[in-house]
Every structure is written in C-alpha cells, then in structure tokens.
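Chains as they are written, first to last, in this note's numbering: chain A, 1 to 191; chain B, 1 to 191; chain C, 1 to 191; chain D, 1 to 191.
Beta carbons are placed, not taken as given, at the ideal position from N, Cα and C, and that holds for glycine.
Input: a single structure, listed below in structure tokens.
There are 4 protein chains.
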Amino acid sequence: MSRQPTSNRRSEQSRQAILTAAAGLCAEVGYAATTVEGIAARAGVGKQTIYRWWPSKAAVLLEHMERVREAQAGFPDTGDLRADLLAQTSAVQALFGGDLGAVWRGLLIAAQSEDVAAAGVRALLEQAISDAKERLARAREAGELRPDADLDMAVEIIYGPLYHAWLLRARPLPEAYMKEVLALVFEGLAG
Amino acid sequence: MSRQPTSNRRSEQSRQAILTAAAGLCAEVGYAATTVEGIAARAGVGKQTIYRWWPSKAAVLLEHMERVREAQAGFPDTGDLRADLLAQTSAVQALFGGDLGAVWRGLLIAAQSEDVAAAGVRALLEQAISDAKERLARAREAGELRPDADLDMAVEIIYGPLYHAWLLRARPLPEAYMKEVLALVFEGLAG
Amino acid sequence: MSRQPTSNRRSEQSRQAILTAAAGLCAEVGYAATTVEGIAARAGVGKQTIYRWWPSKAAVLLEHMERVREAQAGFPDTGDLRADLLAQTSAVQALFGGDLGAVWRGLLIAAQSEDVAAAGVRALLEQAISDAKERLARAREAGELRPDADLDMAVEIIYGPLYHAWLLRARPLPEAYMKEVLALVFEGLAG
Amino acid sequence: MSRQPTSNRRSEQSRQAILTAAAGLCAEVGYAATTVEGIAARAGVGKQTIYRWWPSKAAVLLEHMERVREAQAGFPDTGDLRADLLAQTSAVQALFGGDLGAVWRGLLIAAQSEDVAAAGVRALLEQAISDAKERLARAREAGELRPDADLDMAVEIIYGPLYHAWLLRARPLPEAYMKEVLALVFEGLAG
DNA sequence: TGATAATCGAGACGGTACGTCGCGTCTTCAG
DNA sequence: CTGAAGACGCGACGTACCGTCTCGATTATCA
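Structure representation (structure tokens):
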C-alpha cells in the first residue's frame with residue numbers, strides 16, 4: 001500500500017502505531033466513525049505521516065489486513081475436502097466475530113465507493129478465492145466434487161451463505177453454522 | 001419512513017422529487033457521493049424539507065426501495081419450487097444490475113454504520129426472506145426440499161452466492177448464473 | 001468588506017462577536033499569532049462564518065478599523081492650524097498606544113503581503129491623508145502654510161515622524177512628542 | 001546573527017548560497033511567501049543547514065542586510081549638512097526601490113512579531129540613527145541646526161516622511177523627493 | 001373570504017473532518 | 001563525520017457537508 005515500496009527513511013515505529021490504532025478504532029467505534037485525525041491522535045502521529053504513506057484510511061486498514069493474512073497458513077489440505085472446508089470456513093466465521101471482522105467489514109464498505117479500497121479488497125478476496133479454488137480443484141480430481149462443478153460458483157456457494165448471514169443479516173450464528181451449511185450444499189437441498 | 005405518515009399539508013410533489021433525485025444521484029455518483037445538499041439541489045427543494053420528513057439520506061433511499069417493493073408481486077408459486085426460485089432470483093439479479101441495484105448497495109453500506117438504515121434494511125431484507133421461507137416451507141411440505149432443512153439457512157444458501165458475486169466480488173454474471181447455482185445447490189456439490 | 005453589502009439573513013450578533021474577538025486577540029497576542037481558528041473559537045462561531053463574509057483575518061480587522069473610523073469626528077478645524085494638528089496627531093498617538101494600535105500595526109503588516117489588506121489599508125490611509133490635506137489646503141489659503149507647500153509631502157512630514165517612532169523604532173514617546181515635532185517642522189530645523 | 005560566529009567546519013559556500021537565495025526569494029515573491037524550505041531548495045542545501053546557523057528566515061535576511069551595511073561607507077561629512085543629508089537619504093531612497101528594499105521591508109514586518117528579528121532590526125536601525133545623530137550633532141555645533149533641536153526627533157523628521165511614503169503609502173516617489181522634504185523641514189512648513 | 005398556521009425554498013449558522021502546507025526537529029546515508 | 005535529503009510531530013489553513021436554525025413567501029384549511 002505504501003507509495004514507495006520500502007523507503008529506508010520511513011519510521012517503522014510510526015507505521016506499526018498507525019496500523020494498530022486504525023484497527024483498534026475500527027473495532028471500537030466502527031469504520032464510519034474512524035477518522036484519519038482519530039487514527040493519528042491515537043497513534044501519537046501527525047496526520048501528514050499517514051497521508052505521506054497511505055492515500056486514505058481504507059488503505060491503512062488494507063495494509064493491516066494484508067499483514068494479518070501474510071502471517072496465516074494457506075488453505076488446509078488433509079485429503080478430506082469437507083473437513084478442510086469446515087476448518088477453514090469456521091476459522092473465517094470466528095474471525096468475522098472478532099476485531100478483524102470489524103476491519104474487514106469496514107473495507108467491504110469502503111470498496112463500494114473508493115477505487116483504492118476496491119482494488120485492495122478485490123486482491124485480498126481473489127487471493128483467498130484462488131486458494132479455495134485450488135483446493136477444490138484437487139478435490140474435484142479426487143472425485144469429492146462433481147466433475148462439472150464451476151469452481152468460482154462453488155466458492156460462492158460455500159462462502160456466500162456465511163457472508164449473507166454475517167454481513168447482511170448480521171444475525172448471531174451457531175458455532176456449527178458452517179457444518180450444517182456444508183452438509184446441505186454437499187448433499188443438496190433436495191435431499 | 002416519514003415521521004408523520006400522512007400530513008395533509010405535505011407537498012407530494014416535493015416528496016416525489018426528493019425520492020427521485022436521491023435514487024438518481026445514488027445511481028449516478030454512488031452512495032458516498034450522494035449528499036443531502038445534493039439531493040435538495042437536484043430536487044429543487046430546501047434541505048429542511050428533507051430533514052422534516054426523513055432523518056437521513058439513507059431513510060430517503062429506504063422509502064424509495066419500499067415503494068418499489070410495494071409495487072411488486074409477492075413470491076411466485078407455480079407449484080414448481082426450482083422454477084419459482086429461478087424466476088425470483090433472476091429478477092433480483094437483473095435488478096442488482098440496474099439503478100435500483102446502486103440504491104440497494106448504498107443502503108447495505110449505510111446499514112453498517114447507521115441504526116436507522118440498519119433497521120430499515122433489516123426490515124426489507126427479513127420481509128423478503130420471510131416470503132422466501134414461506135414458499136420454501138410449502139415446498140418442504142410437498143417434498144421438494146429435505147424435510148430437515150433449516151429454512152433460514154436454505155435462503156442464505158440460495159441468495160448468498162448471488163450477493164457474494166454481486167456485492168463483494170462485483171464480477172459480471174452470466175444471465176444463467178442463478179440457474180446453475182440452483183442446480184448445484186439442489187443436487188449437491190458432491191454430485 | 002462584506003461580499004454582499006447587507007444580506008438580511010446575516011447574523012449581526014456573529015458579526016459583532018467576530019470583530020470584537022479579532023481585535024481582542026490582535027491586541028493580546030499580536031497579529032501573527034491571531035489565527036482565523038482562534039477568532040472563531042473566541043467568538044463562539046464556526047470558521048465558515050468568517051470565511052463566508054471575509055476573505056482573510058486582515059479583512060476582519062479592516063472592517064473593525066473602518067467601523068471605529070466611522071464613529072469618529074472628522075479633522076478638527078478651529079481656525080488655528082497648529083492647534084488642530086496637535087489635537088489630531090496627539091489623538092492618533094494615543095490611539096497607537098491602545099488596542100487599536102495593535103490592530104492597525106497588524107494591518108500595516110498584512111498590507112505588505114496581501115492585496116486585500118493593501119487595498120483596505122490604502123483606502124483608510126488615503127482617507128485620513130485626504131482629510132488632513134483638506135485642512136492643510138484651507139490653512140495654506142489662510143497663510144498659515146507656505147504657499148508653495150506640497151500637501152502630500154506636508155502630511156508625510158507631519159505624520160512620518162510619529163510612524164517612524166511608533167512603528168519602526170517602537171520607542172516610548174513623551175506625551176508632548178507631537179507638540180515638539182510640530183514646533184520643529186513648522187519653524188524649521190535650521191531655526 | 002550566526003550562533004557560532006566562526007566555526008571552522010562551516011561551509012562558506014553554503015552560507016553564501018543561503019544568503020543569496022533568501023534575498024533573491026524575498027525580492028521575487030515577497031517576505032511572506034519566502035519559506036525556509038524554499039530558501040533551502042534554491043540554495044541547494046538541507047533545511048538543517050539553515051537552522052544550524054540561523055534561528056529563522058528573518059535572521060538570514062538580517063545577516064544579509066548586515067553584510068551589505070558593512071560594505072558601505074559611513075555617514076558623509078563634507079561640512080554641508082543639507083548636502084550630506086540629501087546624499088545619504090537619496091541613497092536610502094534608491095535602495096528602497098531595489099531588491100534590498102524588499103529585504104528590508106520583510107525585516108520590518110518580521111520585527112513586528114519575532115523577537116530575534118526585532119532585536120536585529122533595532123540594532124541596524126539604531127546604528128543608522130546613531131550615525132545620523134553624530135552628523136547632526138556636529139552640524140548643531142556648527143550652527144546649521146537649532147541649538148535646542150532634539151536629535152532623535154530630528155532624525156525622525158528627516159527619515160519619517162520617506163518611510164511613510166515608501167512603506168505605508170507605497171507611492172512612487174520623484175527622484176527629488178528628499179530634496180524637497182529637506183527644504184521644507186529645514187526652512188519650516190510655515191515659511 | 002380573509003386569518004392563521006404549517007410548509008415551502010433558500011441558505012446562514014455552529015460544528016467536524018478533510019487533505020495540504022510549512023514549521024522547527026530528528027534521522028539516514030552518501031561523499 | 002559533515003551535510004543533502006527528507007521524514008517526523010505539530011498546528012493552521014481554507015473547503016465540504018453535516019444537521020439545526022431562521023427567514024419571508026406561499027398555500028390550504030377553518031372562522
């Protein structure tokens with residue numbers, strides 16, 4: 001997200017303080033009430049130091065998300081697709097309920113109106129989707145998935161319900177939510 | 001959404017101009033760039049006339065959505081669940097691509113930060129979900145759906161992929177998108 | 001100074017508060033440390049209310065000076081030029097030592113870099129000079145002044161020493177300063 | 001003005017570049033628009049190199065003025081006071097119209113709000129006044145001036161008109177301006 | 001058929017946050 | 001190991017909208 005990939009003059013301390021402050025504010029007061037001035041104040045930093053390196057608050061949060069993502073393992077592959085999907089989607093569901101969920105929610109909002117945020121969110125999302133598709137492709141080879149299944153669509157069928165319930169309906173989800181969703185979509189609504 | 005549902009003094013002309021201007025702006029410049037001042041100017045109306053009847057721009061757009069919804073037929077019921085679902089979800093998909101899609105997108109954003117918008121969106125959404133659940137309940141009776149299917153979850157499985165593809169991925173969808181989704185989720189990813 | 005000579009919607013209360021606050025700040029902390037934000041805060045007013053009616057802090061102070069000037073009598077004319085000059089210049093000297101002196105000092109500074117201030121200061125200054133010249137012209141008719149005296153120059157000779165001592169040297173002046181200056185310049189340095 | 005009058009480590013080249021750049025900028029864009037960053041950029045120097053040796057832009061300009069002053073002869077003394085005054089004040093008038101006039105104007109502004117500048121300006125001004133007073137004292141001895149003339153006041157009477165016309169009125173002056181002023185003040189306005 | 005009172009358009013008001021500029025200090029690194 | 005380059009915390013700038021508040025000027029009932 002930084003304009004100049006790595007300026008050696010840049011203060012790593014300020015960078016960290018800004019990322020942390022932004023994520024904290026977003027979790028505490030929500031994306032809309034998170035202001036650049038607020039981030040700067042909480043990080044003990046001048047506003048210009050934020051604007052020097054990021055074009056907007058969304059870009060700051062994006063970098064935060066990217067860092068978190070980088071620290072995570074890839075898509076699990078134990079050989080059992082349903083078990084792997086359950087593990088992965090349940091982890092996502094748990095994450096949605098935490099501070100990072102608030103940040104991600106904010107970014108999804110920002111992506112609707114800012115090009116920078118839209119591009120960053122797209123990149124993050126497509127990366128995750130790409131990981132999932134790879135796993136699904138292997139499963140399709142192994143006969144765990146219909147041979148004619150469109151993988152993009154499969155991903156949407158698996159994650160769509162979770163996003164619908166979390167982002168749009170904002171309803172409390174049982175811990176086993178994804179277990180049941182996977183059972184239904186794998187075995188078919190028609191039974 | 002109006003505070004005083006029916007004031008005989010109220011100018012119906014202004015009301016219409018405001019609703020139209022708001023929806024138009026939202027479609028043209030996006031929700032974030034749609035301002036109350038902009039709506040007032042385009043509608044040829046004073047700001048106070050907006051604030052007198054609606055608490056925020058989201059409330060104006062909500063009323064617009066409600067009016068459109070009222071003008072629509074309920075959930076179709078021909079006796080063939082899959083055909084009805086296809087008809088309904090395809091209509092929704094078409095709507096997402098038009099001006100009303102921009103308005104709905106804006107409201108979904110607003111719902112993340114404003115209580116009024118959240119309540120209104122929830123009402124609209126839950127009404128639609130309720131309609132769908134009723135149709136699904138009848139289908140379950142008729143044996144078109146597994147007898148143990150959770151209807152809330154079923155709705156999320158049917159609409160989730162569409163929202164995921166439209167709202168989050170913002171990818172262009174083939175006309176037959178929902179046809180294929182329904183085929184997959186009814187017959188099961190496992191095949 | 002106001003863009004629209006007299007808007008009937010304008011708040012006279014805010015206007016007064018702003019003029020008073022600006023003059024007060026200027027007297028207390030000096031022109032350079034007087035900020036638009038500071039004026040707004042002290043006047044209990046939004047910044048925009050200042051920018052709506054004045055292009056800069058200098059313009060606000062100019063209006064303050066103009067109002068004070070309007071409330072003042074014209075150049076005295078008792079028939080005795082030296083006595084009139086003494087009365088007038090002594091009043092000016094006294095004024096320089098008070099709060100209005102700080103304001104005027106600030107405007108003279110601003111006039112060096114801002115066109116708006118320069119124009120306003122010029123207008124005030126030339127008005128005062130014009131008044132003085134009129135009085136001097138009458139005195140010249142009456143034989144109290146050399147018949148060949150250039151009046152612009154005469155004004156500069158009379159007020160120049162005071163400005164030099166007050167603005168540039170910033171030295172404390174005896175009450176009778178102008179009395180002695182007038183004696184010297186009227187009778188001649190050569191004696 | 002420099003804190004450490006003679007540091008052997010100091011780059012004389014940078015010093016000269018800074019003084020020249022500062023004076024040039026002041027003449028071209030005015031004192032207010034002359035920024036430390038601008039001086040540094042024009043001089044091809046880091047900002048710190050300026051702040052290491054001068055406390056502010058005013059101090060830089062002050063040093064420039066001092067250097068110019070040092071290169072000048074003292075107050076002329078041919079034995080004819082009026083001729084000497086005319087020579088000296090006409091030189092000053094000419095200087096006011098050039099680049100150095102812009103610098104001096106800037107310093108007079110700065111002196112109204114900065115202590116450092118005020119002290120420096122005062123020193124320069126009082127030195128010049130002192131020189132003038134010495135010359136006037138000799139003339140008073142010689143009977144060219146009234147024996148009771150206050151010399152501080154005499155200086156103000158001689159230079160005040162010029163400053164008034166140049167700094168405050170900013171009016172174009174005829175070349176013979178000071179000749180006429182001296183004639184009037186020496187012979188008296190009353191004639 | 002006025003009086004009268006709510007609503008209208010217009011837009012000024014006190015605010016908050018924006019994104020930018022320049023300050024004077026601090027840090028990095030090339031010569 | 002100096003000095004250019006420039007990042008840093010900071011404070012003020014002038015602008016955009018917010019939601020509230022006055023203004024007359026309609027305008028639609030009721031006396």
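- Sequence-distant Cβ neighbours of Gly44(A) in its own chain, meaning closer than 7 angstroms and more than five residues away, are Ala17.
- Below the 7 angstroms Cβ cutoff, chain D contributes Glu156, Tyr159, Gly160, Tyr163 as neighbours of His164(C), in chain order.
- Residue environment: Tyr177(D) is assigned as buried (16 or more neighbouring CB atoms within 10 Å of its CB, all protein chains considered).
- For Ser113(C), the chain D residues whose Cβ falls inside 7 angstroms of its Cβ are Gly30, Tyr31, Ala32, in order along the chain.
- Distances from the CA of Ala58(D) to each of Gln112(D), Val92(D), Gln72(D), Pro76(D) were compared; the closest alpha carbon is that of Gln112(D).
- Here Asp77(C) carries a coil assignment [DSSP, helix/strand/coil].
- When DSSP states are grouped into helix, strand and coil, Ala132(C) belongs to the helix group.
- At a cut-off of 7 angstroms between C-beta atoms, Gly46(A) does not count as an interface residue with respect to chain B.
- Comparing C-alpha distances from Glu180(C) to each of Met153(D), Tyr31(D), Glu187(D) shows the shortest one belongs to Met153(D).
- Counting C-beta atoms within 10 angstroms of its own C-beta, Thr34(B) has 16 or more neighbours from the protein chains shown and is therefore classed as buried.
- Contact between the segment 45–54 of chain C and the segment 130–149 of chain C is absent: fewer than three C-beta pairs spanning the two stretches fall below 8 angstroms.
- At the C-beta level, Val185(A) and Leu151(B) stay beyond 7 angstroms of one another.
- With a threshold of 16 other beta carbon atoms within 10 Å, Gln48(C) falls short and is exposed.
- The C-alpha of Arg135(B) is placed about 23 angstroms away from the C-alpha of Ala170(A).
- Sorting Glu28(B), Ala139(B), Val116(B), Leu108(B) by C-alpha distance to the C-alpha of Leu125(B) places Leu108(B) at the top.
- Within a 10 Å sphere around the beta-carbon of Gln127(C) sit fewer than 16 other beta-carbons, which makes this residue exposed.
- Contact residues of the segment 85–112 of chain C toward chain D are Arg105, Leu108, Ile109, Gln112 (C-beta to C-beta distance below 7 angstroms).
- Sequence-distant partners of Asp131(D) (beyond 5 residues in either direction) whose C-beta falls short of 8 angstroms from its own C-beta, in its chain, are Gly74, Phe75.
- The beta-carbon separation of Leu25(B) and Glu63(B), rounded to 15 angstroms, does not stay under the 8 angstroms limit for a contact.
- Scanning its chain for C-beta atoms nearer than 7 angstroms, with the 5 sequence neighbours on each side dropped, one finds around Ile129(B) the residues Val155, in chain order.
- Within its own chain, the residues whose Cβ lies closer than 6 angstroms to the Cβ of Gly120(B), once the five positions on either side in sequence are excluded, are Leu62, listed in chain order.
- For Asp77(B), there are no neighbours in chain A by C-beta distance under 9 angstroms, as the nearest C-beta there is about 17 angstroms away.
- For Leu173(D), no alpha helix (DSSP H) segment is defined, and its DSSP state is neither H nor E.
- The contact set of Arg169(A) on chain B, defined by CB atoms closer than 7 angstroms, consists of Leu125 in chain order.
- Annotated three-state conformation of Gly97(C) is helix, per DSSP.
- For Ala27(B) against Ile39(B), the beta-carbon gap comes to about 13 angstroms, at or over 8 angstroms, which does not count as contact.
- Burial of Gly106(A) is indicated by the presence of at least 16 other C-beta atoms within 10 angstroms of its C-beta.
- Thr78(D) counts as exposed, since fewer than 16 other C-beta atoms from the protein chains shown sit within 10 angstroms of its C-beta.
- Glu70(B) and Val36(A) have their C-alpha atoms spaced approximately 41 angstroms apart.
- By the neighbour-count criterion, in which a residue is buried when 16 or more other Cβ atoms sit within 10 angstroms of its Cβ, Pro174(B) is exposed.
- A residue is called buried when at least 16 other Cβ atoms come within 10 angstroms of its Cβ; Gln93(D) meets this threshold and is buried.
- Within the segment 171–189 of chain A, the residues whose Cβ lies closer than 7 angstroms to any Cβ of chain B are, in chain order, Glu180, Val181, Leu184, Val185, Phe186, Glu187, Gly188, Leu189.
- Burial of Ala165(B) is indicated by the presence of at least 16 other C-beta atoms within 10 angstroms of its C-beta.
- A residue is called buried when at least 16 other Cβ atoms come within 10 angstroms of its Cβ; Pro161(B) meets this threshold and is buried.
- Excluding sequence positions up to five before and after Leu85(D), its CB lies within less than 7 angstroms of the CB of Ile158, Leu182, all in the same chain and listed in chain order.
- For Glu144(C), there is no enclosing alpha helix (DSSP H), as DSSP gives it neither H nor E.
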